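So the structure is just underneath, and the comments pick up after that.
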Amino acid sequence: MTIAWTEFTPWTALIGGSLIGLAAAGLLLLNGRIAGISGILAGCLRPVRGDTLWRLAFLVGLMATPALWLLFSTLPPIQIDADYPTLVLAGLLVGLGTRYGSGCTSGHGVCGLSRLSPRSLAATLTFMAAGFTTVYLIRHLLEG
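The sequence shown begins at 159 in the working numbering and counts up one residue at a time.
Given below as C-alpha coordinates:
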(Lines of atoms letter the chains of each structure in order from A and count residues from 1; the text may use other names and numbers.)
(Lines give C-alpha, C1' and ligand atoms only; values in the text may rest on other atoms or scores of the structure.)
Protein backbone atom coordinates (compact mmCIF):
# COMPACT_ATOMS: atom_id res chain seq x y z
CA MET A 1 0.00 0.00 0.00
CA THR A 2 1.28 3.46 -0.85
CA ILE A 3 0.11 6.92 0.08
CA ALA A 4 -0.41 9.29 -2.84
CA TRP A 5 0.97 12.45 -1.24
CA THR A 6 0.15 14.48 -4.34
CA GLU A 7 -3.53 13.61 -3.76
CA PHE A 8 -3.50 14.68 -0.10
CA THR A 9 -6.40 17.06 0.43
CA PRO A 10 -6.27 18.60 3.91
CA TRP A 11 -8.74 21.36 3.08
CA THR A 12 -11.50 19.04 1.89
CA ALA A 13 -10.82 16.76 4.87
CA LEU A 14 -11.07 19.73 7.24
CA ILE A 15 -14.26 20.98 5.61
CA GLY A 16 -15.80 17.49 5.58
CA GLY A 17 -14.92 16.87 9.23
CA SER A 18 -16.29 20.26 10.20
CA LEU A 19 -19.56 19.54 8.37
CA ILE A 20 -19.89 16.19 10.14
CA GLY A 21 -19.33 17.90 13.51
CA LEU A 22 -21.75 20.69 12.66
CA ALA A 23 -24.44 18.22 11.56
CA ALA A 24 -23.97 16.10 14.69
CA ALA A 25 -24.09 19.16 16.95
CA GLY A 26 -27.11 20.54 15.11
CA LEU A 27 -29.04 17.29 15.42
CA LEU A 28 -28.27 17.12 19.13
CA LEU A 29 -28.99 20.78 19.87
CA LEU A 30 -32.07 21.17 17.69
CA ASN A 31 -33.66 17.71 18.01
CA GLY A 32 -32.04 16.19 21.08
CA ARG A 33 -30.91 13.21 18.98
CA ILE A 34 -27.53 11.53 18.61
CA ALA A 35 -26.23 11.25 15.03
CA GLY A 36 -25.35 7.57 15.35
CA ILE A 37 -26.04 6.03 11.96
CA SER A 38 -26.67 2.50 13.24
CA GLY A 39 -29.24 3.82 15.72
CA ILE A 40 -30.90 6.00 13.11
CA LEU A 41 -31.18 3.06 10.71
CA ALA A 42 -32.37 0.71 13.45
CA GLY A 43 -35.12 3.21 14.30
CA CYS A 44 -36.35 3.00 10.70
CA LEU A 45 -36.44 -0.78 10.87
CA ARG A 46 -38.57 -0.59 14.04
CA PRO A 47 -40.67 2.46 13.23
CA VAL A 48 -42.28 4.45 16.03
CA ARG A 49 -45.03 6.89 15.16
CA GLY A 50 -43.69 10.44 14.98
CA ASP A 51 -40.05 9.30 15.08
CA THR A 52 -39.46 8.09 11.54
CA LEU A 53 -39.50 11.14 9.29
CA TRP A 54 -36.31 12.75 10.64
CA ARG A 55 -34.54 9.37 10.45
CA LEU A 56 -35.52 8.88 6.82
CA ALA A 57 -34.51 12.46 5.99
CA PHE A 58 -31.11 11.91 7.60
CA LEU A 59 -30.53 8.65 5.68
CA VAL A 60 -31.70 10.17 2.38
CA GLY A 61 -29.30 13.04 2.98
CA LEU A 62 -26.43 10.59 3.47
CA MET A 63 -27.25 8.83 0.22
CA ALA A 64 -27.89 12.04 -1.75
CA THR A 65 -24.60 13.69 -0.76
CA PRO A 66 -22.48 12.00 -3.47
CA ALA A 67 -24.94 13.25 -6.11
CA LEU A 68 -24.65 16.77 -4.67
CA TRP A 69 -20.85 16.47 -4.71
CA LEU A 70 -21.00 15.67 -8.43
CA LEU A 71 -22.41 19.16 -9.06
CA PHE A 72 -19.06 20.64 -7.99
CA SER A 73 -16.44 17.99 -8.65
CA THR A 74 -15.87 14.39 -9.63
CA LEU A 75 -16.06 11.65 -7.06
CA PRO A 76 -12.78 10.04 -6.11
CA PRO A 77 -12.21 6.61 -7.63
CA ILE A 78 -13.44 3.73 -5.52
CA GLN A 79 -11.31 0.61 -5.40
CA ILE A 80 -12.43 -2.35 -3.31
CA ASP A 81 -9.78 -5.03 -2.95
CA ALA A 82 -12.10 -7.75 -1.67
CA ASP A 83 -14.52 -10.27 -3.10
CA TYR A 84 -18.24 -10.37 -2.31
CA PRO A 85 -18.09 -13.08 0.40
CA THR A 86 -15.45 -11.05 2.24
CA LEU A 87 -17.55 -7.89 1.97
CA VAL A 88 -20.66 -9.71 3.24
CA LEU A 89 -18.71 -11.18 6.17
CA ALA A 90 -17.21 -7.77 6.98
CA GLY A 91 -20.64 -6.13 6.89
CA LEU A 92 -22.12 -8.77 9.19
CA LEU A 93 -19.23 -8.39 11.63
CA VAL A 94 -19.60 -4.61 11.66
CA GLY A 95 -23.34 -4.96 12.26
CA LEU A 96 -22.72 -7.45 15.07
CA GLY A 97 -20.15 -5.11 16.60
CA THR A 98 -22.54 -2.17 16.56
CA ARG A 99 -25.16 -4.26 18.36
CA TYR A 100 -22.73 -5.47 21.04
CA GLY A 101 -21.14 -2.03 21.36
CA SER A 102 -24.52 -0.27 21.53
CA GLY A 103 -23.53 2.04 18.70
CA CYS A 104 -21.20 2.75 15.82
CA THR A 105 -18.27 5.00 15.02
CA SER A 106 -20.48 8.01 14.41
CA GLY A 107 -22.48 7.57 17.60
CA HIS A 108 -19.57 6.78 19.89
CA GLY A 109 -16.61 8.32 18.05
CA VAL A 110 -18.14 11.60 16.93
CA CYS A 111 -21.04 12.24 19.29
CA GLY A 112 -20.05 10.29 22.39
CA LEU A 113 -16.48 11.55 22.61
CA SER A 114 -17.61 15.13 22.14
CA ARG A 115 -19.95 14.64 25.13
CA LEU A 116 -17.02 13.19 27.14
CA SER A 117 -18.80 9.85 27.55
CA PRO A 118 -16.54 7.23 29.23
CA ARG A 119 -18.56 4.45 27.57
CA SER A 120 -17.96 6.01 24.16
CA LEU A 121 -14.25 6.36 24.88
CA ALA A 122 -14.05 2.65 25.73
CA ALA A 123 -16.06 1.74 22.62
CA THR A 124 -13.97 3.97 20.35
CA LEU A 125 -10.68 2.62 21.71
CA THR A 126 -11.99 -0.92 21.25
CA PHE A 127 -13.12 -0.56 17.66
CA MET A 128 -10.01 1.39 16.69
CA ALA A 129 -7.79 -1.32 18.22
CA ALA A 130 -9.85 -4.00 16.46
CA GLY A 131 -9.52 -2.14 13.15
CA PHE A 132 -5.74 -1.68 13.52
CA THR A 133 -5.33 -5.35 14.45
CA THR A 134 -7.48 -6.53 11.55
CA VAL A 135 -5.58 -4.44 9.00
CA TYR A 136 -2.24 -5.63 10.38
CA LEU A 137 -3.31 -9.28 10.31
CA ILE A 138 -4.76 -9.11 6.80
CA ARG A 139 -2.04 -6.94 5.21
CA HIS A 140 1.07 -8.33 6.90
CA LEU A 141 0.38 -11.85 8.08
CA LEU A 142 -2.25 -13.33 5.76
CA GLU A 143 -1.31 -11.66 2.46
CA GLY A 144 2.39 -11.91 3.27
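Ideal Cβ positions, reconstructed from N, Cα and C, are used throughout, including at glycine.
Since this is a predicted model, take the numbers as computed values, not measurements.
- Just so you know, the alpha carbons of proline 168 and arginine 207 end up roughly 42 angstroms apart.
- Shortest Cα-Cα distance from tryptophan 212 to any of Ser272, Leu186 and Ala225 involves Leu186.
- In the three-state reduction of the DSSP assignment, serine 176 falls in the helix class, which pools H, G and I.
- Within a 10 Å sphere around the beta-carbon of phenylalanine 166 sit fewer than 16 other beta-carbons, which makes this residue exposed.
- The beta-carbon distance between aspartate 209 and glycine 201, rounded to whole angstroms, is 6 angstroms. This is short enough to meet the 8 angstroms contact definition.
- For the set Leu199, Leu226, Pro224 and Leu228, the Cα lying nearest the Cα of leucine 214 is the one of Leu199.
- Three or more beta-carbon pairs separated by less than 8 angstroms are not found between the segment 215-228 and the segment 245-263, which leaves the two stretches without contact.
- Around the C-beta of valine 218, fewer than 16 other C-beta atoms lie within 10 Å, and the residue is accordingly described as exposed.
- For leucine 185, the three-state secondary structure derived from DSSP is helix.
- Put simply, the segment 172-188 does not touch the segment 247-262. Fewer than three CB pairs are less than 8 angstroms apart.
- Exposed is the label assigned to alanine 240, since fewer than 16 other Cβ atoms lie within 10 Å of its Cβ.
- Proline 224 has its alpha-carbon roughly 24 angstroms from the corresponding atom of leucine 203.
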